[in-house]
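Residue numbers (my numbering), protein chains in the order written: chain A, 268 to 716; chain B, 268 to 716.
2 protein chains.
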Amino acid sequence: MHRILIIGGSDAGISAALRAREIDPAAEVTIALADDFPNFSICGLPYFISGETPDWRTLAHRTEFPGLEILRGHTATSIDPTAKTVTLKAAATNAERLLSYDRLIVATGATPIRPELPGAMLQGVFLLHTMADSFAVQEHLTDHSVKTAVIVGAGYIGLEMADALTKRGIKVTLLSRTATVLPTVDPSFGQLVSECLQRHGVTVLTSTSASRIESTVAGPNTLSVVDSGGGRHAADLVLLAVGVRPVSDLAHAAGAQRGVHGALVVTRQMRTNLPDVFAAGDCVETYHRLLNKSVYISLGTIAHKQGRVAGENAVGGARTFAGAFGTQSLKVFDLAIARTGLLDAEARDAGLDPLTIEAEMFDHKAYIPGAKRMHVRLTAERGRGRLLGAQIVGDSRSEISKRVDVVAAALYQGACVEDLNDMDLSYTPPFSSPWDPLQMAAQAWTREG
Amino acid sequence: MHRILIIGGSDAGISAALRAREIDPAAEVTIALADDFPNFSICGLPYFISGETPDWRTLAHRTEFPGLEILRGHTATSIDPTAKTVTLKAAATNAERLLSYDRLIVATGATPIRPELPGAMLQGVFLLHTMADSFAVQEHLTDHSVKTAVIVGAGYIGLEMADALTKRGIKVTLLSRTATVLPTVDPSFGQLVSECLQRHGVTVLTSTSASRIESTVAGPNTLSVVDSGGGRHAADLVLLAVGVRPVSDLAHAAGAQRGVHGALVVTRQMRTNLPDVFAAGDCVETYHRLLNKSVYISLGTIAHKQGRVAGENAVGGARTFAGAFGTQSLKVFDLAIARTGLLDAEARDAGLDPLTIEAEMFDHKAYIPGAKRMHVRLTAERGRGRLLGAQIVGDSRSEISKRVDVVAAALYQGACVEDLNDMDLSYTPPFSSPWDPLQMAAQAWTREG
């Protein structure tokens with residue numbers, strides 16, 4: 268019988284627990300989590316803020332876990348890998364208790380980076396990563412007359428929140444440190460996203476960061492953000508969304524190695540260097556299947572997969588994490604943006620010789636009402652045409668995200684551009700063309716490549 | 268310099284011509300087609316009938332082909348493979364002419380089967396395969412007060428036409444020879460499609476065929492269909508949609524071998540047994556990549572791919588047709604249906620040992636408004652779990668068709684269920700879940716498999 272202790276109750280921790288019990292129904296599985304919200308979808312927070320998801324309780328698709336012991340409000344303060352014990356502190360009582368384990372799974376996640384910025388701790392300035400964060404934002408929106416907001420950071424959370432706050436009737440200014448928004452796609456596509464934001468009333472300032480935040484009037488809720496160019500932006504709410512860092516101090520203090528970006532080093536079996544200590548999710552390095560090395564990516568999809576591997580191996584399995592391609596999709600207003608694999612610049616940085624083409628086509632037969640233009644960027648190795656990545660931007664109803672997934676499936680097995688062209692993909696006039704847009708892009712690549 | 272003659276101006280013929288010229292801009296390429304409509308999307312005919320595509324001219328996305336000689340209204344009457352000539356007869360003048368070729372590409376397509384049924388030739392009884400067919404149906408709908416229609420056949424054209432005629436305000440009765448509609452999916456999914464049709468007012472009669480068609484009154488447009496159970500169905504229009512057969516007589520008369528379903532036998536280079544005679548599209552057998560043998564499938568996607576291979580090889584290339592999986596999608600009212608690979612019964616017939624699971628889940632996170640239930644059937648080989656096929660039915664906005672294409676991409680490279688589970692697919696709450704529904708289905712399969 269296995270006693271499995273899991274620190275963390277988000278995607279990786281819950282997936283690990285469920286898989287461990289699935290493989291070994293006799294396993295004793297305990298999950299200790301710092302807050303009261305196991306299995307909540309933090310990807311859903313922008314939709315709770317926007318009002319699209321009015322009841323936060325629905326952000327967890329299940330809250331009962333028969334057979335699992337869930338210790339809410341318990342923060343792990345130390346791990347003793349020799350004694351195989353973890354010290355937990357209960358938030359409610361400050362009482363400490365010692366739990367022993369046969370196998371430990373560290374799934375402590377990530378924490379948002381609070382930029383070292385004068386005024387970053389002022390009232391009305393928020394991060395958004397936990398349920399508590401979202402309650403604080405929601406309370407601020409409810410209690411104060413918020414008319415303007417500044418979002419610092421134009422990654423996916425910044426963009427989703429620009430959408431969410433605009434839906435709440437708030438005038439949003441978005442500061443993007445890079446030359447376009449959403450640096451996880453190439454600049455020409457970042458430009459398309461930026462145009463969409465502006466079409467919906469968001470003020471987008473690129474190549475601009477925040478220098479300081481000031482409280483401008485006596486009332487606590489009127490702030491002013493001074494940007495790197497000296498511009499001033501009044502705001503009743505400021506959201507800092509400049510990225511996350513792994514929560515790895517606890518395991519590191521116990522002797523676990525850290526690697527890229529301070530994340531825990533793990534094998535593809537999700538083992539740390541400590542005996543019987545596994546780790547998964549946003550607190551660990553992630554094996555990139557195309558680069559054949561570890562990178563840092565913080566995404567729920569990957570956390571779930573790694574958690575599942577860790578859970579299986581913790582009860583004696585021998586599962587290997589297949590690896591990630593950084594596949595990601597995003598909806599901003601009526602726009603869908605998705606990517607998988609490497610951007611052109613990322614491929615060059617990795618020492619590869621990429622060729623990227625950009626093509627524009629209809630999502631389905633133009634003679635069917637509602638056909639929308641979509642934009643595809645396809646990246647492959649010059650010469651033999653090994654696929655390296657794809658990015659697609661288009662209408663949210665154009666099956667953009669699953670089109671990128673077709674490329675993700677192709678990448679998984681090392682396919683070439685010609686393979687993509689030759690695949691037997693589906694067609695009916697309301698959904699595609701006899702050559703899917705992906706295949707038109709493949710043909711455009713072949714003409715240039 | 269190559270003189271390429273292509274018989275047929277639909278998907279395979281046009282793809283072949285364009286590819287030949289792309290590879291060899293000096294090639295002399297002539298296309299002879301029997302009607303006046305090169306490159307028209309016959310998949311679009313139901314949308315022209317429904318009124319969604321009001322102008323039939325838009326069914327061709329291009330009508331000018333610089334550098335190609337297009338002989339409209341020219342039927343090929345014989346091929347002399349020794350002299351390397353083709354006799355063409357002009358419809359307008361009945362004049363014959365002889366064209367010589369270096370390479371010939373036969374792309375004569377398919378023709379709809381007219382069941383040998385008393386009354387099948389009555390006025391008001393239609394087939395739907397050519398532009399001329401669609402004009403005839405359209406004229407009948409315009410000139411007569413069509414209130415009721417009977418559709419014989421519940422394959423994809425029958426279903427699309429049930430949708431189209433219902434949209435025109437016509438009460439439709441659909442006769443399905445099989446126990447459910449759409450035998451290209453498993454019966455439980457055929458049942459879902461049937462329920463959708465009935466929800467939209469279509470009368471569906473299963474395990475029922477037509478015995479005869481009668482003209483019931485003096486007026487030419489009121490018909491009665493007597494079904495195999497003796498039931499009578501009044502109709503102002505009858506559509507016969509019971510499948511197609513390859514048009515292979517011309518090439519066969521010249522010595523080309525026929526195989527499955529009477530289709531021309533071709534190599535994977537799209538060569539017939541006649542020297543310098545290629546063939547592609549609905550008139551040929553199709554290599555099935557999973558079965559590793561030839562089958563008969565009549566689909567535009569495959570015709571385009573085969574035509575492209577034939578066109579390339581006709582100018583000296585050495586391209587191989589990658590093969591088909593019978594991937595297909597369909598929209599009926601607000602329902603999307605898609606499949607790839609083998610049905611459970613097809614896999615058993617092929618001597619495999621399949622296990623098929625059926626799962627139901629939301630298309631994306633249920634906390635986002637608009638989440639819809641989708642149904643997935645996943646088929647794989649018992650034991651090692653090699654993927655054999657997938658079928659999905661759900662809302663037309665649930666990215667059903669491209670989800671099936673993810674499986675088509677996986678099948679292309681011989682993936683297993685675990686591979687599908689391990690692929691790095693995209694997620695954002697409005698489009699999917701951290702485990703895509705396909706991956707939830709993969710996990711359901713693994714639990715049973």
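For each residue, glycine too, the CB sits at the ideal point set by N, CA and C. The structure displayed is predicted, hence computed values, not measured ones.
Assigned secondary structure, residue i (DSSP; H/G/I helix, E/B strand, else coil)
i	result
A:S401	helix
A:V643	strand
A:P454	helix
B:G420	coil
B:Q573	helix
B:E685	helix
A:A676	helix
A:A377	strand
B:V544	strand
B:L558	coil
A:R466	helix
B:V460	helix
A:R670	helix
A:P385	coil
B:I271	strand
A:G567	helix
A:P696	coil
A:K414	coil
B:D620	coil
B:D278	helix
A:W702	coil
A:G578	helix
B:L408	helix
A:A612	helix
Proximal chain A residues relative to residue i, where beta-carbon distance stays under 7 Å
i	result
B:M690	A675, A676 and Y679
B:Y563	Within 7 Å Cβ-Cβ: nothing; B:Y563 doesn't reach chain A, min ~15 Å.
B:K572	D689
B:V671	S693
B:W702	H571
B:D686	Y679
B:A682	Q680
Contact belief for residue i with residue j at Cβ below 8 Å, rounded distance in angstroms
i	j	result
B:F588	B:K572	6 Å
A:R324	A:P385	That belief does not hold up - the Cβ atoms of A:R324 and A:P385 are roughly 38 Å apart, past 8 Å.
B:R651	B:S282	Between B:S282 and B:R651 the Cβ distance is about 37 Å, and since that is not below 8 Å, they are no contact.
A:L531	A:V373	7 Å
A:G275	A:L300	6 Å
B:M641	B:G661	3 Å
A:G376	A:V514	6 Å
B:Q595	B:L566	6 Å
B:L371	B:D543	6 Å
Proximal residues of chain B, C-beta to C-beta of residue i below 8 Å
i	result
A:R651	Per Cβ cutoff of 8 Å: no residues; A:R651 is ~16 Å from chain B at best.
A:T342	By Cβ distance, chain B contributes nothing, its closest Cβ being about 25 Å from A:T342, past 8 Å.
A:P333	Ordered by position in chain B, no residue passes the 8 Å Cβ test against A:P333, which lies about 17 Å from the chain.
A:D278	P701
A:G567	Y694 and P701
A:R664	R664
Contact list for residue i against chain B, beta-carbon separation under 7 Å
i	result
A:L645	Near A:L645 there are no residues of chain B at all, since even the closest Cβ is about 14 Å away, more than 7 Å.
A:S699	S668
A:A605	S693
Under 9 Å from the C-beta of residue i: neighbouring residues of chain B
i	result
A:F456	Ordered by position in chain B, no residue passes the 9 Å Cβ test against A:F456, which lies about 15 Å from the chain.
Residues of the region 589–600 of chain A whose Cβ lies closer than 8 Å to any Cβ of chain B, in chain order: Residues of the region 589–600 of chain A with a C-beta atom less than 8 Å from some C-beta of chain B are A589, G590, A591, F592, G593, T594, Q595, S596, L597 and K598, listed in chain order.
To test your reading of the DSSP string, which unbroken beta strand (DSSP E) runs of 3 or more residues are found completely within the region 474–531 of chain B? Runs found: 477–482, 490–494, 499–502, 504–507 and 511–513.
Under 8 Å, CB to CB, which of the residues in the region 361–377 of chain B have a partner in chain A? Cβ contacts with chain A: none found.
Got a sec: which bits of the region 282–313 of chain B sit with their beta carbon under 9 Å from any beta carbon on chain A, in order along the chain? Correct list: S282, E289, S308, C310, G311 and P313.
Please give me, in chain order, every unbroken run of the alpha helix (DSSP H) with length at least 4 that falls completely inside the region 291–356 of chain B. Segments of the alpha helix (DSSP H) lying fully in the region 291–356 of chain B: 312–317.
Mind listing which residues of the region 620–649 of chain B have their C-beta closer than 8 Å to chain A's C-betas, in chain order? For chain A, the residues of the region 620–649 of chain B that bring a beta carbon within less than 8 Å of one of its beta carbons are K632, A633, Y634, I635 and P636, in chain order.
In chain order, what residues of the region 531–544 of chain B put their CB closer than 9 Å to some CB of chain A? Within the region 531–544 of chain B, no residue qualifies.
Contact residues within the region 315–327 of chain B, judged by C-beta distance below 7 Å to chain A: Against chain A - using a Cβ distance shorter than 7 Å - the residues of the region 315–327 of chain B are E319, T320, T325 and L326.
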